[in-house]
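Just so you know, we're using the numbering used here here: the sequence shown kicks off at 3 and counts up by one. C-beta atoms are modelled at their ideal positions from N, C-alpha and C, and glycine is treated no differently. None of these values were measured; they are calculated from a predicted model. What follows is a set of notes on a single structure, which appears directly below.
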Amino acid sequence: MTDRIERVTAYIVEIPRDVPYLGPLREGEFVNRRGYIVRSGNRTLYPTSDRSVLLRVDTEQGLTGWGETYGIVAPEAVRAIVEDVVAPVLEGRDPSAPAVIHEDLYDLMRVRGFFGGFYLDTLAAVDIALWDLLGRRLGVPVSTLLGGRRHAQIAAYVSGLPRATLPERVAFAREWQAKGFRGFKFAAVVADDGVEAEMTALREGLGPAAEIMADLHWRHTAPEAIRLIRRLETHRLAFAEAPCAPEDIEGIAQVARSVGVPVALGEELRTVHEWQSRLAARCLGVGQPEMGRTGITQFARIGALCQANHVALMPHAAVGVGLFMAASLQASSTLQRLPWHEYQHSIFDPNLRLTQPTGTRHMQCEAGFYTLPDGPGLGVEPSEAMFAQVIPA
Ligand code: MG
Numbered sequence: 003m004t005d006r007i008e009r010v011t012a013y014i015v016e017i018p019r020d021v022p023y024l025g026p027l028r029e030g031e032f033v034n035r036r037g038y039i040v041r042s043g044n045r046t047l048y049p050t051s052d053r054s055v056l057l058r059v060d061t062e063q064g065l066t067g068w069g070e071t072y073g074i075v076a077p078e079a080v081r082a083i084v085e086d087v088v089a090p091v092l093e094g095r096d097p098s099a100p101a102v103i104h105e106d107l108y109d110l111m112r113v114r115g116f117f118g119g120f121y122l123d124t125l126a127a128v129d130i131a132l133w134d135l136l137g138r139r140l141g142v143p144v145s146t147l148l149g150g151r152r153h154a155q156i157a158a159y160v161s162g163l164p165r166a167t168l169p170e171r172v173a174f175a176r177e178w179q180a181k182g183f184r185g186f187k188f189a190a191v192v193a194d195d196g197v198e199a200e201m202t203a204l205r206e207g208l209g210p211a212a213e214i215m216a217d218l219h220w221r222h223t224a225p226e227a228i229r230l231i232r233r234l235e236t237h238r239l240a241f242a243e244a245p246c247a248p249e250d251i252e253g254i255a256q257v258a259r260s261v262g263v264p265v266a267l268g269e270e271l272r273t274v275h276e277w278q279s280r281l282a283a284r285c286l287g288v289g290q291p292e293m294g295r296t297g298i299t300q301f302a303r304i305g306a307l308c309q310a311n312h313v314a315l316m317p318h319a320a321v322g323v324g325l326f327m328a329a330s331l332q333a334s335s336t337l338q339r340l341p342w343h344e345y346q347h348s349i350f351d352p353n354l355r356l357t358q359p360t361g362t363r364h365m366q367c368e369a370g371f372y373t374l375p376d377g378p379g380l381g382v383e384p385s386e387a388m389f390a391q392v393i394p395a
């Protein structure tokens, strides 16, 4: 029997953190009256607490699906789009066609130029919730709906070394290495002794077998990035992430042609339309789609497009409560060329308590590998602990 969407609701969740994302405050940085810091290294705004937007879809027959999008900055914008634009359009619709609904919602705002940003973030949350709902209705995980699970576990690289000094960051990486992790990514934006010193110290501390990656945070012109990456290559850099401003497609392509390691990018790109131009220009060897911004429909299409262009996938992991992370593991597990998935240890582990499995097994990340939940839909749903963190509307 056909079911219909009865209600679409957004919730903002706030989770305090001890140390701000990207580590302690640096010289000249301060918290403004709304709780944000501008990081001087990459001129980017971050909040002092973690936030996220949950999206709940309820049907007339009493089924529920859960989604989530990135909400660390201005989460009220997403909630306003849900309440004013998306919910009234979806009420009364058959929920069993997530990709069709995604395309229809995208079309609604195209002529106004909403190809990305908060509007697409909102659509990502809705899309995840509708795939979750469909999986739960059919009693299968989202990976089955996408064509089938290829990987039972996914290699995880440790992302970010949030310690104040370089010796402390090397020691911190070694702690993770002792737990069985083989891949490590450092953030150039907080490498106060210089990017090459950071790379050298990590290589010395972690030994020749470790995979070391650098996130360059969009800071360089193409010639600067080429000079820098060539120096890092001599220490066997695994990939160089986000070397230049995302708008500089030709510059990034020039970097990709001029260095001996893959350029990685994509966390800020939400649809195949944004990916297509970068792939056509051969800007990247590693694609990093972020589920919290793409949703499942676009993530799967981006994955297929990257694979058709011989680009490996190493999905990004943003700040979230665990729902879009579970969606990312579900969709990633279906991808053929998947050397790594990012692992944000300071977010994934503490937030596991905010979700519970829909089956018998929760998602996990241990000894260098993610394992997936075994239940239907995303395989996880909000727990009681999550609802305690919801900010009243
Ligand atoms: Mg990054």
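With C-beta atoms as the reference, is residue i less than 8 Å away from residue j?
{"i": "P290", "j": "H318", "result": "Per the sequence presented here, residue 290 reads as Gln, with Pro not at that position. Yes, these two residues count as a Cβ contact at 8 Å."}
{"i": "L107", "j": "L125", "result": "yes"}
{"i": "L267", "j": "E243", "result": "yes"}
{"i": "R6", "j": "D96", "result": "yes"}
{"i": "D376", "j": "T362", "result": "yes"}
{"i": "Y372", "j": "L315", "result": "no"}
{"i": "R324", "j": "N353", "result": "Before going on, a small fix: residue 324 reads as Gly here, not Arg. Going by C-beta atoms, G324 is nearer than 8 Å to N353."}
{"i": "L204", "j": "F183", "result": "no"}
{"i": "L27", "j": "R139", "result": "no"}
{"i": "P90", "j": "S51", "result": "no"}
{"i": "F120", "j": "T273", "result": "no"}
{"i": "L163", "j": "R171", "result": "yes"}
{"i": "F186", "j": "L208", "result": "yes"}
{"i": "V144", "j": "A329", "result": "yes"}
{"i": "A12", "j": "V84", "result": "yes"}
{"i": "A254", "j": "V261", "result": "With the sequence shown as reference, residue 254 is identified as Ile, and Ala is not the correct amino acid for it. Not a contact, by the Cβ cut-off of 8 Å."}
{"i": "I304", "j": "W342", "result": "no"}
{"i": "P22", "j": "Y38", "result": "no"}
{"i": "P100", "j": "L132", "result": "yes"}
{"i": "A199", "j": "L234", "result": "no"}
{"i": "V15", "j": "Q391", "result": "yes"}
{"i": "I130", "j": "F326", "result": "yes"}
On the premise that residue j lies in contact with residue i, defined as a C-beta separation below 8 Å, what is that separation, rounded to the nearest angstrom?
{"i": "T71", "j": "V88", "result": "Not quite, the Cβ-Cβ distance comes to about 12 Å (not below 8 Å), so this is no contact."}
{"i": "K337", "j": "V191", "result": "Note that residue 337 is Leu in the sequence shown, not Lys. Not confirmed; about 29 Å, so no contact."}
{"i": "C246", "j": "V257", "result": "6 Å"}
{"i": "I349", "j": "V321", "result": "6 Å"}
Just to confirm, does residue i get its C-beta within under 7 Å of one of the non-hydrogen atoms of the ligand MG?
{"i": "E31", "result": "no"}
{"i": "A244", "result": "yes"}
{"i": "E269", "result": "yes"}
{"i": "D5", "result": "no"}
{"i": "D376", "result": "no"}
{"i": "D250", "result": "no"}
{"i": "D109", "result": "no"}
{"i": "D217", "result": "yes"}
Is there a Cβ from chain C that is less than 8 Å from the Cβ of residue i?
{"i": "V21", "result": "You won't find chain C in this structure, because it holds only one protein chain."}
Pick out the complete beta strand (DSSP E) segments inside the region 19–64, 3 residues or longer, and give them in chain order. 38–41, 46–49 and 52–61, all fully within the region 19–64.
Taking only runs of the alpha helix (DSSP H) that begin and end inside the region 179–240, which ones reach a length of at least 4 residues, in chain order? Whole alpha helix (DSSP H) segments, 4+ residues: 197–208 and 224–235.
If we require 4 or more residues per run, which alpha helix (DSSP H) segments fall completely within the region 77–144? Listed in chain order, they are 77–83, 89–92, 100–110 and 119–140.
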